[in-house]
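J.:
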Amino acid sequence: MSKWVYQFDEVAKAEKYAGSWEDVRALLGGKGAGLSDMTRAGVPVPPGFTVTTEACNWFRKTGQFPPGLWNEVLKAMKVVEKQAGKKFGDPKNPLLVSCRSGAKFSMPGMMNTILNIGLNDEVVEGLARLANNPRFAWDSYRRLIEMFGTTVFNLDDEIFEHPMAEYKAGKGYKVDTEMTAEDWQALVAAFKSAYKQHIGSDFPQDVYNQLELAIKAVFESWTGKRAVDYRNKEKISHELGTAVNIVTMVFGNMGDDSGTGVAFTRDPSTGDKKMMGEYLLNAQGEDVVAGIRNANPIENLSQSMPKAYKQFMDISGKLEKHYKDVQDVEFTIERGKLWMLQTRNAKRTAKSAVKIAVDMANERLITKEQAVQRITPDTVDSLLHPQFDEIAMSDAQKNGKFFGKGVNASPGAAVGQVYFDADTAQKMAQEQKQDTIMVRPFTKPDDVHGMIASKGVLTSEGGATSHAAVVARQFGIPCVVGASAIKIDLEKRHMTVGDVVVKEGEWISVDGTTGKVFLGKMPTTAPSLEEQTELLTLLKWADEICARKDVRAAPIKGYPTRGLQVWANADYPQDARRARSYGAVGIGLCRTEHMFFEPERLPIVQDMILSETSEGRTTALNKLLPYQRKDFDGLFEAMDGYPVIIRLIDPPLHEFMPDEEKLLEEVITMRVKGETAGLKEKEDLLNAIKGMHESNPMMGLRGVRLSISMPEIVEMQVRAIFEAAADCTKRGIVVKPEVMIPLTGTVKELEWIQPRLERIAATVMEEKKVKFEYKFGTMIEIPRAAVTAEEIAQHAEFFSFGTNDLTQMTYGYSRDDAERNFLVTYVEQGILEQNPFQTLDRNGVGKLMEWAIAEGRKSRPDLEVGICGEHGGDPSSIEWCHMIGNNYVSCSPFRVPIARLSAAHSALKHRPQKQAAGTARKAAANGGASKAKSKTAKKKTKVKGR
Ligand code: PEP
Ligand code: MG
Numbered sequence: 005m006s007k008w009v010y011q012f013d014e015v016a017k018a019e020k021y022a023g024s025w026e027d028v029r030a031l032l033g034g035k036g037a038g039l040s041d042m043t044r045a046g047v048p049v050p051p052g053f054t055v056t057t058e059a060c061n062w063f064r065k066t067g068q069f070p071p072g073l074w075n076e077v078l079k080a081m082k083v084v085e086k087q088a089g090k091k092f093g094d095p096k097n098p099l100l101v102s103c104r105s106g107a108k109f110s111m112p113g114m115m116n117t118i119l120n121i122g123l124n125d126e127v128v129e130g131l132a133r134l135a136n137n138p139r140f141a142w143d144s145y146r147r148l149i150e151m152f153g154t155t156v157f158n159l160d161d162e163i164f165e166h167p168m169a170e171y172k173a174g175k176g177y178k179v180d181t182e183m184t185a186e187d188w189q190a191l192v193a194a195f196k197s198a199y200k201q202h203i204g205s206d207f208p209q210d211v212y213n214q215l216e217l218a219i220k221a222v223f224e225s226w227t228g229k230r231a232v233d234y235r236n237k238e239k240i241s242h243e244l245g246t247a248v249n250i251v252t253m254v255f256g257n258m259g260d261d262s263g264t265g266v267a268f269t270r271d272p273s274t275g276d277k278k279m280m281g282e283y284l285l286n287a288q289g290e291d292v293v294a295g296i297r298n299a300n301p302i303e304n305l306s307q308s309m310p311k312a313y314k315q316f317m318d319i320s321g322k323l324e325k326h327y328k329d330v331q332d333v334e335f336t337i338e339r340g341k342l343w344m345l346q347t348r349n350a351k352r353t354a355k356s357a358v359k360i361a362v363d364m365a366n367e368r369l370i371t372k373e374q375a376v377q378r379i380t381p382d383t384v385d386s387l388l389h390p391q392f393d394e395i396a397m398s399d400a401q402k403n404g405k406f407f408g409k410g411v412n413a414s415p416g417a418a419v420g421q422v423y424f425d426a427d428t429a430q431k432m433a434q435e436q437k438q439d440t441i442m443v444r445p446f447t448k449p450d451d452v453h454g455m456i457a458s459k460g461v462l463t464s465e466g467g468a469t470s471h472a473a474v475v476a477r478q479f480g481i482p483c484v485v486g487a488s489a490i491k492i493d494l495e496k497r498h499m500t501v502g503d504v505v506v507k508e509g510e511w512i513s514v515d516g517t518t519g520k521v522f523l524g525k526m527p528t529t530a531p532s533l534e535e536q537t538e539l540l541t542l543l544k545w546a547d548e549i550c551a552r553k554d555v556r557a558a559p560i561k562g563y564p565t566r567g568l569q570v571w572a573n574a575d576y577p578q579d580a581r582r583a584r585s586y587g588a589v590g591i592g593l594c595r596t597e598h599m600f601f602e603p604e605r606l607p608i609v610q611d612m613i614l615s616e617t618s619e620g621r622t623t624a625l626n627k628l629l630p631y632q633r634k635d636f637d638g639l640f641e642a643m644d645g646y647p648v649i650i651r652l653i654d655p656p657l658h659e660f661m662p663d664e665e666k667l668l669e670e671v672i673t674m675r676v677k678g679e680t681a682g683l684k685e686k687e688d689l690l691n692a693i694k695g696m697h698e699s700n701p702m703m704g705l706r707g708v709r710l711s712i713s714m715p716e717i718v719e720m721q722v723r724a725i726f727e728a729a730a731d732c733t734k735r736g737i738v739v740k741p742e743v744m745i746p747l748t749g750t751v752k753e754l755e756w757i758q759p760r761l762e763r764i765a766a767t768v769m770e771e772k773k774v775k776f777e778y779k780f781g782t783m784i785e786i787p788r789a790a791v792t793a794e795e796i797a798q799h800a801e802f803f804s805f806g807t808n809d810l811t812q813m814t815y816g817y818s819r820d821d822a823e824r825n826f827l828v829t830y831v832e833q834g835i836l837e838q839n840p841f842q843t844l845d846r847n848g849v850g851k852l853m854e855w856a857i858a859e860g861r862k863s864r865p866d867l868e869v870g871i872c873g874e875h876g877g878d879p880s881s882i883e884w885c886h887m888i889g890n891n892y893v894s895c896s897p898f899r900v901p902i903a904r905l906s907a908a909h910s911a912l913k914h915r916p917q918k919q920a921a922g923t924a925r926k927a928a929a930n931g932g933a934s935k936a937k938s939k940t941a942k943k944k945t946k947v948k949g950r
């Protein structure tokens, strides 16, 4: 029989049923699993139980509780009553509970929570007597009615906020603390009548009825808009469902010996190893999280409640060690007794994620491999994002552009137009393509869509643990919170500091790193990788993982047993230098034609193209030779000791000629005006361009086909490459040139061109009297080349997958037009899972690559294989390249760090079984994530077996 409910002290049973810890988390949700795990570890957790995600999924499908669930809830409540020494619904000794959502993956604030369940007209009186605090009891009751109405019946907040504001105004109160017991009692009456008016029935007095409706409401919140949007953004499966935790209420608002707070075991913004948190005396948890009252820094608790503080620090430290990660903990102190309400791995900024991972590995809390695995490619990406230029920032300060300062909640620079609500911020960003900054007094879960759409977020209230701060940090959105000098007028749609006014739609610059806000647009600078020492360390560890000799099993001869190297696509020495400083260990693609476009060269190139004889072409090319030699010289020098792949000319020649339509217009204008000077030259040029016209130039005279039609160009290029390489060698630079022939479709093309070029290479070395390593190879961009790779590799010493063209040719989609015309619709309609020009299509293009490598290595086991299409910087495509036996990936210099990390992730994920098992054992001993793997593997085998 199914079990739908697990008491917090029944985690062993959950483990027995689910298997791995990951599966326990899937069953009980992160919060439920955490509370159970804490209970097992002897941490003071209020008694309670978890209703499983399986129950939620049943409810979602049928609209009803699964059979047996309600009985289990009733039984579990009896156990909780016993553990807590209180009784649910009993005015003499009342037990109150909270009903909290908790999915496998934390979705902060996206689903529902109801507190103080178990209060009714009788119990509230009893609680007031028992606590000797009527004010607290009536305040708790009005909170329940409000939460119940808004959560279970989706009533608007306003229905309760409005009578409360009116009541307070009538009494002349400014803050809630001025409300007396009688005031709260009066408000309870007002709330109950508002409730009845909108629901059509009284607020339920049957406490079990309250509990049942609350559980259903939490189940339903799984499919609420907020939660669905969040899961889409975070790529969390909609099938998981949420668990529901029923937890004994403990109260931080029982007087000055009570309090509540939230804390992080390390600073989630900087990663510093220092507890960071906030607490409030005589308050309930939501008061801290909502940031409505200004909370005290956690260290002050050592003065106000030294015993509880010490116990709290002790427990938090242990929790961090137990989970081997920074914890985000919630606690309540009820009359001097500490209760831990939640612990979860803390959301953090990209910067702190890297620092924490590296620090924890250095502290030997986790392994270097785990540190590398914890950082996602997106995290690294955001660390390479812009920051404000420091000089511009100090100039802005001097020039009166400083507007205000708050808490630097999520780092990074954001420049955008101000909007004062989430919907408008999102609309302007999506429809008008504006850069927006969302400005609010504080944010709520309903605002997340506006935050995600914005470049930055600014609030005037709340602190480092407020909703705005936590969400922004998670999504890497620069954010400043609690800039209290800024007065936001939501009605007038402006904000002010003194007499400086910023109206909706005006520009501001928000610096999440320093917490400063400036008027207008401020320039940003790209961050320097060199200064990010922890990131450099992490990337060094990533490289070490990839460099291991046995990280890949070799299915066939020639298959690399090391991980991927990361090379870069770079055309100029400055790109090559950047690539090297970002950790590239080779140039995988230098597109030589880019150099032909430079102003002093283009006329020579055009002369060459227009020449009708081979001699004429050679004369022009001789003029280009010194330029090209210099280009390559610079590249070799920048990449001293590393391979440099230089691709011979690839595009169709018309790309170097003036625009045909424009020229035609000029000719017509001259003819109409009767201008003759220069007309003939223009007409000849126009005719020549017309003569080059092709209906389908991407499939026309380009690549190796062009080289065979006009070998003089590539002959000049090869001479320039080898002359430069020889000169560099003489200067003591270690050169490893690799000449790449593009767009090969048949081996016969290589047979035709390659020996001619190799002869030039030999001649130059002979002339210059130097020798160095070099290779001749080809791009694999045409399906036929991939299919006939065995033949191609008889000539080519290396393959580089030009996956831009290979994708174009395999799908038959024009790479220049598809995105604009139909690709977006295809992805939207699910015809394509993703844009194949961004993420490699493993089933089609990927299969061709796999085949080509295997076939190629049949002829040449030491065939070097790389990729130089845009996919070389995409994590999923990099993983595929690792799996099929590439030696390296090559990508834009800016993506090199991301590619290094992705390469290490692939190596760890796919390392040979034996080694993985060893590490799994080690990690299992640490209670680590490897348990999840064993379960998944088990599941897979099962499916296969069937
Ligand atoms: C490719 O086709 O993937 C490639 C790198 O070449 P290009 O983009 O220059 O055609
Ligand atoms: Mg190409």
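Counting the sequence shown from 1 gives a position; the numbering used here is that position plus 4.
Don't be surprised by glycine CBs; every beta carbon is placed ideally from N, CA and C.
(1) For residue 498, which residues from the same chain have a beta carbon less than 7 Å from its beta carbon, with the 5 sequence-adjacent residues on both sides left out?
(2) Less than 7 Å between C-beta atoms, sequence neighbours within five positions excluded: which residues of the same chain meet that for residue 522?
(3) Within the same chain, show all residues whose beta-carbon is closer than 7 Å to that of residue 231, passing over the 5 residues directly before and after it, in chain order.
(4) Suppose contacts are defined by Cβ-Cβ distances below 8 Å. Is residue 358 in contact with residue 383 by that definition?
(5) Taking 8 Å as the threshold (C-beta atoms), are residue 645 and residue 743 in contact?
(6) Can you tell which of 412, 457, 417 and 255 has the C-alpha that lies nearest to the C-alpha of residue 428?
(7) Where does the unbroken beta strand (DSSP E) through residue 183 begin, and where does it stop?
(8) Nearest chain C C-beta to residue 441 closer than 8 Å, yes or no?
(9) Anyone know if the C-beta pair for residue 55 and residue 84 falls short of 8 Å?
(10) With three or more beta-carbon pairs closer than 8 Å as the criterion, would you say the segment 519–535 touches the segment 843–855?
(11) Does DSSP classify residue 888 as helix, strand or coil?
(12) Going by alpha carbons, who is nearest to residue 484 out of 375, 501, 446 and 214?
(13) Output the boundary residues of the alpha helix (DSSP H) element that contains residue 74.
(14) Can you tell me which of the three DSSP states residue 556 falls into?
(15) Run through DSSP, which three-state label would residue 699 get?
(16) Have a look at the DSSP bridge pairing and note the partners of residue 91.
(17) My output table needs one value for residue 10: the three-state DSSP class, helix, strand or coil.
(18) Would you mind giving the Cβ-Cβ distance between residue 103 and residue 250, rounded to the nearest angstrom? I have them listed as a contact below 8 Å.
(19) What are the complete alpha helix (DSSP H) segments, minimum 4 residues, inside the segment 786–845?
(20) Under a three-way DSSP split, which group does residue 370 fall into?
(21) Are residue 157 and residue 203 close, meaning C-beta to C-beta below 8 Å?
(22) Looking at the structure shown, is residue 274 part of a helix, part of a strand, or coil, going by DSSP?
(23) Look up residue 282 in the DSSP assignment and give the residues it is bridged to.
(24) With distances taken Cα to Cα, identify the nearest neighbour of residue 304 among 322, 473, 321 and 264.
(25) Does any heavy atom of the ligand MG sit closer than 7 Å to the C-beta of residue 746?
(26) Compute the minimum distance between the beta carbon of residue 839 and the heavy atoms of the ligand MG, and state whether it is under 7 Å.
(27) Report the residue ranges of all beta strand (DSSP E) runs contained in full by the segment 340–423; include only those spanning at least 3 residues, in chain order.
(28) Could you tell me if residue 73 is buried or exposed, where buried requires 16 or more neighbouring beta carbons within 10 angstroms of its beta carbon?
(29) Could you tell me the alpha carbon to alpha carbon distance between residue 252 and residue 51, rounded to whole angstroms?
(30) Give the straight-line distance between the Cα atoms of residue 169 and residue 76, rounded to the nearest whole angstrom.
(31) Taking the alpha helix (DSSP H) that residue 453 falls in, what are its first and last residues?
(32) So for residue 448, helix, strand or coil by DSSP?
(33) Do you know offhand how far residue 710's Cα is from residue 617's?
(34) Using three-state DSSP, classify residue 17 as helix, strand or coil.
(35) Heavy atom of the ligand PEP less than 7 Å from the Cβ of residue 709, yes or no?
(36) Between the alpha carbons of residue 211 and residue 223, how many angstroms are there, rounded?
T.: Judging by the given coordinates:
(1) So the qualifying residues of the chain are 505, 506, 507 and 508.
(2) Answer for residue 522: 400, 405, 406, 407, 512 and 513, listed in chain order.
(3) The answer, listed in chain order, is 111, 114, 115 and 225.
(4) Yes. Within cutoff.
(5) In this structure, residue 645 does not lie closer than 8 Å to residue 743 by Cβ.
(6) With distances taken between CA atoms, residue 428 lies nearest to 457 out of 412, 457, 417 and 255.
(7) No beta strand (DSSP E) contains residue 183, which DSSP labels as neither H nor E.
(8) No chain C appears in the structure shown, which is made up of a single protein chain.
(9) The Cβ atoms of residue 55 and residue 84 do not sit closer than 8 Å to each other.
(10) Pairwise C-beta distances place the segment 519–535 out of contact with the segment 843–855, as fewer than three of them are shorter than 8 Å.
(11) In the displayed model, residue 888 falls within a helix according to three-state DSSP.
(12) Minimum Cα distance to residue 484 is reached at 446.
(13) From DSSP, the alpha helix (DSSP H) with residue 74 extends over 73–88.
(14) Look at residue 556 here: in three-state DSSP terms it is coil, with no helix or strand label.
(15) Note: residue 699 maps to coil in three-state DSSP.
(16) By DSSP's assignment, residue 91 forms a beta bridge with 98.
(17) In the structure shown, residue 10 falls within a strand segment according to DSSP collapsed to helix, strand and coil.
(18) Correct: roughly 6 Å between the Cβ atoms.
(19) Qualifying alpha helix (DSSP H) stretches, in chain order: 787–791, 793–796, 807–815 and 828–832.
(20) Here residue 370 sits in coil by DSSP.
(21) Cβ atoms of residue 157 and residue 203: closer than 8 Å.
(22) Residue 274 falls in the coil class under three-state DSSP.
(23) Residue 282 is bridged by DSSP to 266 and 301.
(24) The candidate whose alpha carbon is nearest that of residue 304 is 264.
(25) Yes - the ligand MG has a heavy atom lying nearer than 7 Å to the Cβ of residue 746.
(26) Closer than 7 Å to some heavy atom of the ligand MG: that does not describe the Cβ of residue 839.
(27) Every beta strand (DSSP E) stretch that sits fully inside the segment 340–423 and reaches 3 residues is listed by chain position as 341–349, 406–409, 411–414 and 417–423.
(28) Buried, because 16 or more other Cβ atoms sit within 10 Å of the Cβ of residue 73.
(29) If you take the alpha carbons of residue 252 and residue 51, they lie about 6 Å apart.
(30) Approximately 42 Å, taken between the alpha carbons.
(31) For residue 453, the enclosing alpha helix (DSSP H) has its first and last residue at 452–457.
(32) Residue 448: coil per DSSP, three-state reduction.
(33) Near 15 Å, if we compare the C-alpha coordinates of residue 617 and residue 710.
(34) Three-state DSSP puts residue 17 in a helix.
(35) It does not: the Cβ of residue 709 is nowhere closer than 7 Å to a heavy atom of the ligand PEP.
(36) Distance between the alpha carbons of residue 211 and residue 223 is about 19 Å.
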